[in-house]
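Q: First the structure, which I've put down as structure tokens, then a few questions once you've had a look.
In the numbering used here, the protein residues as written are 528 to 798.
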């Protein structure tokens, strides 16, 4: 009896994982529901208790708090994000970097600069590009934190009336509010650079005819620095971040709940 029940739980688990591997958001969400249901079944069929089943199912939603309370709560980062010139990441750290850069230049983007900001074990690297024909700023970004790292690509256009149009393949739900007046086009992280660029142009075409402004290539680093500072100040005003000591920031209690909600959005792929 126990073996048959274990087989039911295992089959439900395998089916749920398989569904989450599909590109379809509907199937992904069904798979997510299946994981929660599998945990519930494990507690009910194998543990013989609805209370235990509920505890097992709830762990999917409570596990992020281990990370939030043990690491995020202690995290302190600088409010000043001055970007400094730096060498590009090594091939060991970022194997796809050279090919991504070549792809960017092959579609008309001009190399501008390599810059980063860092604090402790956290480093955020940007290779900046500019398309003088379409007035689009692009960047290849690598975020390193402790032993964890990931990259993403952005395309940004700025309108005369102060709006910002952003296309990116950031692989997770974002941990802060974006700048005010930002319209986001989040795309699949597996798209090629050319596909990302085409998606951005199509995205702009779908907006209400924004008048895109040109930037001098030399001013892009200062522009990004200013936008980073404005974004942090915006999140302080929203209560997501709070100042901690001189020129340092940390997540507030409200910010920790915001991160938890962002995890849930990622878990069920609502963003």
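We put the beta carbon where it would ideally sit given N, CA and C, even for glycine.
Out of 622, 631, 592, state which residue places its alpha-carbon closest to the alpha-carbon of residue 663.
A: Counting from one through the chain shown, the residue named residue 663 turns up at place 136. When only C-alpha atoms are compared, the closest one is 631.
Q: Does the count of Cβ pairs from the region 667-683 and the region 646-655 closer than 8 Å reach three?
A: yes
Q: On the DSSP letters alone, give me the boundaries of the beta strand (DSSP E) that residue 758 sits inside.
A: Counted from its first residue, the chain shown places residue 758 at position 231. Taken as a continuous stretch (DSSP letters only), residue 758 belongs to no beta strand (DSSP E), being part of the alpha helix (DSSP H) at 747-764.
Q: Starting from the C-beta of residue 797, find all residues in its chain whose C-beta is less than 7 Å away, skip the five residues before and the five after it, and write them out in chain order.
A: On the chain shown, residue 797 is found 270 positions in, with the first residue counted as 1. Note on residue 797: pLDDT 48, under 50, position unreliable in the model; no value is reported.
Q: By DSSP, does residue 798 sit in helix, in strand, or in coil?
A: Along the chain shown, one-based indexing puts residue 798 at 271. Any answer about residue 798 is weak, because its pLDDT of 47 lies below 50 and its placement is not dependable; what the coordinates show is given next. Three-state result, residue 798: coil.
Q: I need the straight-line Cα distance from residue 618 to residue 672, nearest angstrom please.
A: One-based indexing of the chain shown puts residue 618 at position 91. One-based indexing of the chain shown puts residue 672 at position 145. About 18 Å.
Q: Is the Cβ-Cβ distance between residue 698 and residue 730 less than 7 Å?
A: To locate residue 698, count along the chain shown from 1; it is residue 171. To locate residue 730, count along the chain shown from 1; it is residue 203. No, the pair does not count as a contact, with Cβ atoms beyond the cut-off.
Q: Inspect the beta-carbon positions of residue 758 and residue 706 and report whether they are closer than 7 Å.
A: As a working mapping, residue 758 is identified with position 231 in the chain shown. As a working mapping, residue 706 is identified with position 179 in the chain shown. Yes, they are a contact pair.
Q: Of the residues 738, 684, 688, which one's Cα is nearest the Cα of residue 712?
A: Translated into the one-based positions of the chain shown, residue 712 becomes position 185. Here the closest residue by C-alpha is 684.
Q: Starting from residue 724, trace the alpha helix (DSSP H) in both directions and tell me its first and last residue.
A: Your numbering for residue 724 matches position 197 in the chain shown. Unbroken alpha helix (DSSP H) run through residue 724: 720-732.
Q: Using C-beta distances below 8 Å, list every residue in its chain close to residue 614, excluding the 5 sequence neighbours before and after it, in chain order.
A: Position 87 of the chain shown, counted from the first residue, corresponds to residue 614. The answer, listed in chain order, is 641.
Q: Does the beta-carbon of residue 638 have 16 or more other beta-carbons within 10 angstroms, so that it is buried, or is it exposed?
A: For the purposes of this step, residue 638 is taken as the residue at position 111 of the chain shown. So residue 638 ends up on the exposed side.
Q: Could you tell me whether the Cβ atoms of residue 691 and residue 709 are closer together than 7 Å?
A: Position 164 of the chain shown, counting from 1, holds the residue named residue 691. Position 182 of the chain shown, counting from 1, holds the residue named residue 709. Yes. Within cutoff.
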